[in-house]
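This report refers to the structure that appears directly beneath it.
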Amino acid sequence: MTNRKQPDWYLYRGQPSPEDPSPKLELPPPPPWRDFSNRERRRQRGLTFRPRDNEIRMVNAALYLRRPLLITGLPGTGKSSLAFAVAEALGLGEVLEWPITSRSQLKDGLYSYDAIGRLQDSNLTPGGSKEPPPIENYIRLGPLGSAFADSHPNQPRVLLIDEIDKSDIDLPNDLLNIFEEGQFVIPELARHVQQMQTRVEGGKTDEGRMITPQLRLDRPRSTTAVKRVPAPDGIIHCEEFPFVVLTSNGERELPAAFLRRCLRLRIEPPKGSHFRDIVRAHFQELAHPNPLPPRVEAYIAQVEQQYTEKKSYVPTDQLLNAIHMVLNEVVLEEPDLAEGQESLAQQILRALG
Numbered sequence: 085m086t087n088r089k090q091p092d093w094y095l096y097r098g099q100p101s102p103e104d105p106s107p108k109l110e111l112p113p114p115p116p117w118r119d120f121s122n123r124e125r126r127r128q129r130g131l132t133f134r135p136r137d138n139e140i141r142m143v144n145a146a147l148y149l150r151r152p153l154l155i156t157g158l159p160g161t162g163k164s165s166l167a168f169a170v171a172e173a174l175g176l177g178e179v180l181e182w183p184i185t186s187r188s189q190l191k192d193g194l195y196s197y198d199a200i201g202r203l204q205d206s207n208l209t210p211g212g213s214k215e216p217p218p219i220e221n222y223i224r225l226g227p228l229g230s231a232f233a234d235s236h237p238n239q240p241r242v243l244l245i246d247e248i249d250k251s252d253i254d255l256p257n258d259l260l261n262i263f264e265e266g267q268f269v270i271p272e273l274a275r276h277v278q279q280m281q282t283r284v285e286g287g288k289t290d291e292g293r294m295i296t297p298q299l300r301l302d303r304p305r306s307t308t309a310v311k312r313v314p315a316p317d318g319i320i321h322c323e324e325f326p327f328v329v330l331t332s333n334g335e336r337e338l339p340a341a342f343l344r345r346c347l348r349l350r351i352e353p354p355k356g357s358h359f360r361d362i363v364r365a366h367f368q369e370l371a372h373p374n375p376l377p378p379r380v381e382a383y384i385a386q387v388e389q390q391y392t393e394k395k396s397y398v399p400t401d402q403l404l405n406a407i408h409m410v411l412n413e414v415v416l417e418e419p420d421l422a423e424g425q426e427s428l429a430q431q432i433l434r435a436l437g
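Residue numbers (our numbering): 85 to 437.
Here's what the structure looks like:
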């Protein structure tokens, strides 16, 4: 630790203060996009996105053709945010999200079945009833399953399958059949329905037990929308193809058969007036026609220059982080640093490559 005077904006100073053994932390307001207490945060993600002409064109093509939209581009260019922007602009409700990892399987997106929980609850049934609890109470549709089940004419759900390039080699091909057929079977539920039908026909139970199962959605369209959907015969039918956005950072090539069934869009890093529109959309204090503060303009110019001259890209959210600090009167340049030490501005605005 050096003897350099610490800035006034510091909250953590390295060691407890001997003058204040019981300090009370007073945090400044968070950046709007990091305010997790704001229930409208997901909506704001769509409201602050600024699409360009080609992005608007490709979204409309995907809506007309009922095809998934595969979006590629550098990290931080707004690929995922486009899904939220479409949902907000067209009044399609909450976005269903499926973040992909190397362990993701098709079933994860379709549904989950808590067989162990059902067995445990069956053993706890008062009086030792031989009838297990209704199976539909232990099945929950995943984001992909919910998108199929809850899409209706003129009201498709919006599904974001994020970072499909992180999946194992089989998942894109597994998705092909689902996208083409527009339906899928839940084997555990189909088997249960068949067993109940057999019991009705054999007179072992009454037809009143043959009620169409109602399954829980991963995320309802809104707080007032339906939270369960019917699954007759254990099959989920797609009444209207959802608006599906898949994103990829290009970590690996996707199969040609998969690419053929998607519309493809590449989102380029913002520049010029588009960059400034994005900045104004994220900060209320800058949402005016007046010129942006000089330091804000300087950072925008720096990021643009880095990409144009060196092809090193600073993600938009890192620029927004720097601007948030500036608007809170934090000096990022730190001119009195030791030789070779990076300023806070350099560290926040670090390029990806």
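Think of the CB as a built atom: it goes at the ideal place given N, C-alpha and C, for glycine as much as any other residue.
Give me the residue from the options with the minimum Cα distance to residue i.
| i | options | result |
| --- | --- | --- |
| Ala146 | Lys355, Val329, Pro183, Arg305 | Val329 |
| Pro218 | Phe325, Arg364, His276 | His276 |
| Arg463 | Leu158, Gly157, Val143 | Outside the shown range of the chain, which is 85 to 437, sits residue 463, and nothing can be said about it. |
| Glu110 | Tyr391, Ser101, Leu95 | Leu95 |
| Asn333 | Thr185, Ala173, Ser101, Ala365 | Thr185 |
| Thr307 | Glu124, Pro114, Gln90 | Glu124 |
| Asp361 | Arg344, Phe342, Thr400 | Thr400 |
| Val398 | Ala385, His408, Met409, Val410 | Ala385 |
| Ile140 | Pro316, Leu349, Ala406, Arg127 | Leu349 |
| Leu243 | Gly229, Ile253, Leu255, Leu343 | Gly229 |
Distance check for residue j and residue i, CA to CA, integer angstroms please.
| i | j | result |
| --- | --- | --- |
| Arg293 | Leu203 | Summary for Arg293: the model assigns pLDDT 49, below 50, so the residue's position carries little reliability; its value from the coordinates is reported in the next sentence. Whole-angstrom Cα-Cα distance: 20 angstroms. |
| Asn122 | Pro116 | 9 angstroms |
| Gln278 | Ile200 | 21 angstroms |
| Arg118 | Leu403 | 14 angstroms |
| Pro135 | Leu166 | 8 angstroms |
| Tyr197 | Ile245 | 21 angstroms |
| Asp104 | Pro112 | 20 angstroms |
| Glu426 | Glu417 | 9 angstroms |
| Leu433 | Val387 | 8 angstroms |
What are the boundary residues of the beta strand (DSSP E) that includes residue i?
| i | result |
| --- | --- |
| Ser196 | 195-197 |
| Ala242 | Strictly speaking, residue 242 in this sequence is Val, with Ala absent from that position. Note, Val242: beta strand (DSSP E), 242-246. |
| Pro378 | Run containing Pro378: none in the beta strand (DSSP E); it sits in the alpha helix (DSSP H), 378-394. |
| His321 | 319-321 |
So, is residue i buried or exposed, given that buried needs 16 or more other C-beta atoms within 10 angstroms?
| i | result |
| --- | --- |
| Thr331 | buried |
| Asp92 | exposed |
| Ser251 | buried |
| Phe325 | buried |
| Thr132 | buried |
| Thr161 | buried |
| Ile319 | exposed |
| Val363 | buried |
| Ile223 | buried |
Within the continuous alpha helix (DSSP H) that includes residue i, where are the two ends?
| i | result |
| --- | --- |
| His408 | 400-411 |
| Ile432 | 428-432 |
| Ile140 | 137-149 |
From the DSSP output, which residues share a beta bridge with residue i?
| i | result |
| --- | --- |
| Ser332 | Thr156 |
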